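Beneath this line is the structure, given in structure tokens, with notes to follow.
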Amino acid sequence: MADFFEEFGRMVSDVASDITKKTGDTLEIQKIKSNVRSLKRANERDLADIGRMVYEKFQSGEVSDMDYVTLCEEI
Numbered sequence: 132m133a134d135f136f137e138e139f140g141r142m143v144s145d146v147a148s149d150i151t152k153k154t155g156d157t158l159e160i161q162k163i164k165s166n167v168r169s170l171k172r173a174n175e176r177d178l179a180d181i182g183r184m185v186y187e188k189f190q191s192g193e194v195s196d197m198d199y200v201t202l203c204e205e206i
């Protein structure tokens, strides 16, 4: 009977250890996903800022590249 409880205790301990590890892994994955989302939002803001800067230069006549001029004229 003592062997049963020792084995049962070991199984419970192993399961608890696995759950703790999986919880830690899940938290780490969520942190990484959050960082990726933050970086994507920052990139989108930077791209919008670049577009605004090009458009402002277009308005002041400083843009001569026809690809940019065409896009700016469409705006």
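Residue numbers (the working numbering): 132 to 206. Quick reminder that beta carbons are idealized off the backbone N, C-alpha and C, glycines included. Nothing here was measured: the structure is a model prediction, and the numbers come from that model.
| Distance, R183 Cα to L170 Cα | L170 and R183: Cα-Cα distance of roughly 20 angstroms.
| task | Output the distance between the C-alpha atoms of E159 and L178, rounded to the nearest integer angstrom. | result | Each residue's alpha carbon lies about 29 angstroms from the other.
| Looking at the structure shown, is E193 part of a helix, part of a strand, or coil, going by DSSP? | Correct three-state label for E193: coil.
| said: Quick check: what's the CA-CA separation for D134 versus K164? | reply: Rounded to whole angstroms, the gap between the alpha carbons of D134 and K164 is 45 angstroms.
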